[in-house]
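Protein chains: 2
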Amino acid sequence: METADKGPAGVGGGTHGAQSRARTPARTRTQASMADVARLAGVSSQTVSRVSNGYAGVTEETRRQVLAAMKELGYRPNSAARALKRGEFRTLGVITFSLSTTGNVRTLEAIANSAAREGYAVTLLPVAAPTQDEVRGAFSRLEELAVDAVIVIMEVHLLDAATIALPPHVQVVVVDSDAGDRYTVVDTDQAGGSRAAVRHLLGLGHDTVWHLAGPEGSFAAQRRADAWHAALTEAGRTPPPVVRGDWSAESGYRAGLGLADRADCTAVFAANDQMALGLLRALHERGRRVPGDVSVVGFDDIPEASSFLPPLTTLHQDFAEVGRLCVESVLRKMRHTGTERGTTLVPTRLVERASTAPPLRNGPWRS
Amino acid sequence: METADKGPAGVGGGTHGAQSRARTPARTRTQASMADVARLAGVSSQTVSRVSNGYAGVTEETRRQVLAAMKELGYRPNSAARALKRGEFRTLGVITFSLSTTGNVRTLEAIANSAAREGYAVTLLPVAAPTQDEVRGAFSRLEELAVDAVIVIMEVHLLDAATIALPPHVQVVVVDSDAGDRYTVVDTDQAGGSRAAVRHLLGLGHDTVWHLAGPEGSFAAQRRADAWHAALTEAGRTPPPVVRGDWSAESGYRAGLGLADRADCTAVFAANDQMALGLLRALHERGRRVPGDVSVVGFDDIPEASSFLPPLTTLHQDFAEVGRLCVESVLRKMRHTGTERGTTLVPTRLVERASTAPPLRNGPWRS
DNA sequence: GCGCTCGATGTTTACGCAAACATCAGGTGG
DNA sequence: CCACCTGATGTTTGCGTAAACATCGAGCGC
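Structure, rendered in structure tokens:
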């Protein structure tokens, strides 16, 4: 009872107090080790190890004794020692800057869940700003970090720019990139999604489709814009000039104010739902009805999209699948120690809601 | 020079291919250790350790030699060995279920940043569902995890319910809870924010304020609801019945449909911005203008709130500060090995936008 | 100049675990 | 009945680091 650590010990009830029964001096606040368990159970520490790792070759009787001793001492394997011995940490590092975009967050969440299922922990490497220095910093922190592999949710050119040497055995998987030739890449099928958006709008009868693109530096934005352009060209339409935002609703609003004044703009494909939200607001303020006067398609299908005014037609991204595939492929790379490259794409799905409709050929704005 | 691992393969350009120049057997892909560096530099490994940790007592000359050797071998301290020796991992665990709410994500991000600044890594412990079993599972994974302390972003009653014993030296800090008597709690000043919302609306001249509350199980929701109730009562108003949602925009919409039909409902305080979004949609569909007929106040100030229709008046939460304080207090607890308890509250700030206005005493819906 | 201190460096050890190897008892087949 | 095997268990060893202790040479006061 003199050990004082009873309080913090149990979150909730449980095995409280085992510590306090210990006979060792009070300052010994160190966890019980295998040796301690072995002593109490009257076996060798190796046997404890075998039980701890679920190996065969231990009598049921012995196993029970060891388990009892473990419980009594509140034994927990020391992961540092384990990692040192085994040469692996069972931990994945995830590098991303700012969790401010839905996509990154959802992907991260899926990664964490998949990793947990595989017995891996996930360590977060935040990068404050998308600058070379910051990325380099994250990687140097990473260098001495306890991870077996790394998943990078980031524009890969920043990664290239930071000429940092990773420990040679650390595998890397990249999200949001087209550098499949140099890395293993898992990503949403940006191009397919964009084409679906364009085709949906053209199919409704719109002459052409405007594009509210993401920021310049983003590969995702670039690919969505490229595919939009290609789809229009393939359909024999003239792509209007690209309007750029920065993913934020605010930027969508600003861009939307410009678009709202153009009578020839009857359909807009926004590169993400946030910008679409801003766009809707701008159109509404300028008296352009959606979808009567203007149809709008977003990208991402954030949970709120169905509550926009009007509910937003958008491309659903399967972030869970992206995360799952990231973990799967990085683990595969680790185990095969292969250097496989290539890109895995996860398809999108068009979710039709109320923000798209055929154009009003003779609406107040038309002619 | 014969030691092989000169070039720990590079991410990005740089030292690529150095591996292949190595003369030792290819399978030797193990990182250089302190001993290797020591050998190359012609010093003892202890001196390497001293340089590595920036300790005094090393000649400038020697230091340079060691640093050169480190660089040549691409030496990186092995964090497992370091952790084993030092008895600490320099890692914080964060337990949360689903990163689906803005608040949790933003807090997590702030925690990661603050932790990085302190030289700590952050390991994510995802909990799939808010059930006892899941929480218990997360904690048992945690038990053998390489963390020095834990921050829980979760309703604490789930934590209580999971009768799990943490390693005694692992400190816990909790977000979103009122259990300051048992844990160290850092949280947004939910009550203060709610009172500000109510006072703002009453100040505009509304007779009373309706409340669109969060789900039953949530402490944050409970506290916001309680404070709303108290503020109304203090002002001598009769609180209308509570309307409940589940934080989602969809639930806000459903609740809003009911509210929209009540002529006596001229002001609503929604417990978060997402629900406010759904509420706005419902009111709009039913022809109730905001803020003309109904004023709406949200909570959180998510980035999109300024792009709602109309831009939402809401309570700004300082998640960055919450995260920072979490890290600060958990580290303090670790260092002092204290068992300090108590609650730290971070104030909110009312952001007035366009969704609130004085009531129209003689609008179409009034009398 | 002698003994002393002090700063720079080397040597030993242990952290906790698990692979590799060693041991040992009991059974089996010739 | 002995050589051999098999399955359960114990012993040794080393992972990479850093604390604790040991050493060693130079400078300094008397």
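Going down the list, the sequences are from chains D and Z.
Residues in the first sequence are numbered from 1 upward in steps of one, following UniProt numbering.
Residues in the second sequence are numbered from 1 upward in steps of one, following UniProt numbering.
Ideal placement from N, C-alpha and C gives every residue a C-beta, glycine not left out.
Because the structure is a prediction, the values reported are computed rather than measured.
*Nearest to Gly214 of chain Z by CA position, among Z:Asp246, Z:Val185, Z:Thr348, is which residue?*
Z:Asp246
*Of the residues Z:Tyr55, Z:Arg50, Z:Ser98, which one's Cα is nearest the Cα of Ala320 of chain D?*
Taking only the C-alpha atoms, the option nearest Ala320 of chain D is Z:Ser98.
*Continuous alpha helix (DSSP H) assignments of at least 4 residues falling wholly in the stretch 288 to 355 of chain D*: Listed in chain order, the alpha helix (DSSP H) runs fully inside the stretch 288 to 355 of chain D are 319 to 336, counting runs of at least 4 residues.
*Using a C-beta cutoff of 7 Å, does Val105 of chain Z count as contacting chain D?*
yes
*Chain-ordered residues of the stretch 279 to 307 of chain D with a beta carbon less than 8 Å from chain Z*: Leu280, Arg281, His284, Pro303, Glu304, Ser306, Ser307
*Looking at C-alpha atoms only, which residue of D:Ala267, D:Leu84, D:Ala179, D:Val172 is the closest neighbour of Leu204 of chain D?*
D:Ala267
*Does any residue of chain D bring its CB to less than 7 Å from the CB of residue 387 of chain Z?*
A question about residue 387 of chain Z goes unanswered here, because the residues of chain Z that appear run from 1 up to 367.
*Going by the beta-carbon positions, is the gap between Leu92 of chain Z and Ala149 of chain Z smaller than 7 Å?*
yes
*Any beta-carbon of chain D closer than 7 Å to the one on Pro358 of chain Z?*
no
*Exposed or buried, what is Arg90 of chain D when buried is set at 16 or more other beta-carbons lying within 10 Å of its beta-carbon?*
buried
*Assuming Ser307 of chain Z and Gln274 of chain Z make a contact with CB atoms under 8 Å, what is their CB distance in whole Å?*
That belief does not hold up - the Cβ atoms of Ser307 of chain Z and Gln274 of chain Z are roughly 14 Å apart, past 8 Å.
*Rounded separation between Ala22 of chain Z and Arg182 of chain D - CA only*: Summary for Ala22 of chain Z: the model assigns pLDDT 33, below 50, so the residue's position carries little reliability; its value from the coordinates is reported in the next sentence. Computed Cα separation, rounded: 23 Å.
*The beta strand (DSSP E) enclosing His284 of chain Z, as first and last residue numbers*: For His284 of chain Z, there is no enclosing beta strand (DSSP E); the enclosing alpha helix (DSSP H) covers residues 273 to 285.
*Which residues DSSP lists as bridging Asp187 of chain Z, in chain order*: Residue pairing of Asp187 of chain Z in beta bridges, as defined by DSSP: Z:Leu345.
*asked:* Please list, in chain order, the residues of the stretch 33 to 44 of chain D that have any C-beta partner in chain Z closer than 7 Å.
replied: none
*Answer with buried or exposed for Asn53 of chain Z, where buried requires no fewer than 16 other C-beta atoms within 10 angstroms of its C-beta.*
exposed
_So that I know if they touch, is there some Cβ in chain D lying closer than 7 Å to that of Val122 of chain Z?_
yes
*What is the DSSP secondary structure of Ala165 of chain D, counted as helix, strand or coil?*
Because Ala165 of chain D sits at a pLDDT of 49, beneath the cut-off of 50, its placement in the model cannot be relied upon, and the point is left open.
*So, helix, strand or coil for His206 of chain Z, using DSSP?*
coil
*Roughly how many whole angstroms lie between the Cα atoms of Asp300 of chain Z and Gly193 of chain Z?*
10 Å
*asked:* Less than 7 Å between the beta carbons of Arg63 of chain Z and Val51 of chain Z, yes or no?
replied: yes
*Where do the ends of the beta strand (DSSP E) carrying Leu92 of chain Z lie?*
91 to 97
*Which chain Z residues are close to Leu257 of chain D, counting only those with a beta carbon under 7 Å from its beta carbon?*
The contacting residues do not exist; Leu257 of chain D stays about 12 Å from chain Z at best.
*Please decide whether Tyr75 of chain Z counts as near chain D, where near means a Cβ-Cβ distance under 7 Å.*
no
_Option in Z:Arg82, Z:Val209, Z:Asn272, Z:Pro311 with minimal Cα separation from Pro262 of chain Z_ = Looking at the sequence provided, one finds Arg at residue 262 of chain Z rather than Pro. Of the candidates Z:Arg82, Z:Val209, Z:Asn272, Z:Pro311, the one whose C-alpha sits nearest the C-alpha of Arg262 of chain Z is Z:Val209.
*asked:* According to DSSP, simplified to helix, strand and coil, what is Thr238 of chain Z?
replied: Coil at Thr238 of chain Z, not helix or strand.
*Given Leu257 of chain Z, which residues of its chain have a CB within under 6 Å of its CB, disregarding the five upstream and five downstream residues?*
Ala282
*Endpoints, alpha helix (DSSP H) assigned at Thr59 of chain Z*: Unbroken run through Thr59 of chain Z: none, as it is neither H nor E.
*asked:* For a contact defined as C-beta to C-beta under 9 Å, what are the partners of Gln274 of chain Z on chain D?
replied: By Cβ distance, chain D contributes Pro303, Glu304, Ser307.
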